[in-house]
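K.L.:
The structure under discussion is supplied below as structure tokens; questions concerning it will follow.
Structural data, given as structure tokens:
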């Protein structure tokens with residue numbers, strides 16, 4: 287009994303890969319035929335990647351746009367566009383691709399905000415470091431002034447004692 291518990295995204299990908307496997311069985315296409323078809327479609331996916339997608343291993347982290355969509359396009363073919371199953375799969379892939387695009391957009395926005403915050407904090411740090419240097423100089427000058435005053439007071443005290 288396996289402890290494998292897929293995440294929501296993995297569960298979706300597992301479902302999609304099972305549907306691709308069913309479509310491959312239905313079309314009776316070999317891995318090489320799928321690879322050739324992806325190349326013909328201008329969306330080349332390597333034979334080893336195709337074998338990996340269809341393997342029984344629990345690796346469900348395949349790129350939708352560069353791997354699963356080209357495999358789907360190779361399996362579906364242009365003559366299958368009227369098939370409702372193909373249309374459903376195509377719609378699911380389009381929705382997934384749109385979700386991925388939106389997530390990538392959000393990630394880019396967050397990365398930009400993070401970079402802006404980082405620059406802001408770096409400028410604050412630089413300002414505070416300059417302020418600390420200024421305060422250190424002030425303290426140094428105050429200490430020097432106090433030392434001079436102490437020396438003067440000591441001198442005056444010694445003169446008073448001599449009298």
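In my numbering, the protein residues as written are 287 to 449. Glycine is no exception: its CB is placed at the ideal position from the N, C-alpha and C atoms. Just so you know, these numbers come straight off a predicted model, no measurement behind them.
(1) For the alpha helix (DSSP H) that residue 338 lies in, which residues bound it at each end?
(2) On the CB-based measure, 16 or more other CB atoms within 10 Å of its CB, does residue 362 come out buried or exposed?
(3) Return the CA-CA distance between residue 374 and residue 342, expressed in angstroms with no decimal places.
(4) Name the two residues that bound the continuous alpha helix (DSSP H) containing residue 379.
(5) Cα-Cα, which of 299, 376, 370 and 348 is closest to residue 360?
(6) Evaluate the contact criterion for the segment 390–397 versus the segment 331–338: three or more CB pairs, one atom per stretch, below 8 Å.
(7) What three-state label does DSSP hand residue 348 in the structure shown?
(8) Using only alpha-carbon positions, find the residue among 329, 383 and 418 that is nearest to residue 299.
(9) Using the Cα positions of residue 330 and residue 369, report the straight-line distance between them to the nearest angstrom.
(10) Buried or exposed for residue 358, please, with buried defined as at least 16 other CB atoms from any protein chain shown within 10 angstroms of its CB.
(11) Which of the three DSSP states, helix, strand or coil, is assigned to residue 296?
(12) Can you look up residue 288 in the DSSP assignment and give me helix, strand or coil?
P.N.:
Once the coordinates are examined:
(1) 333–340
(2) By the neighbour-count rule (16 or more Cβ atoms within 10 Å), residue 362 is buried.
(3) 24 Å
(4) Run containing residue 379: 370–448, per the alpha helix (DSSP H) assignment.
(5) 376
(6) no
(7) coil
(8) 383
(9) 24 Å
(10) buried
(11) helix
(12) In this predicted model, residue 288 has a pLDDT of only 41, less than 50, meaning its place in the structure is not dependable enough to derive any value.
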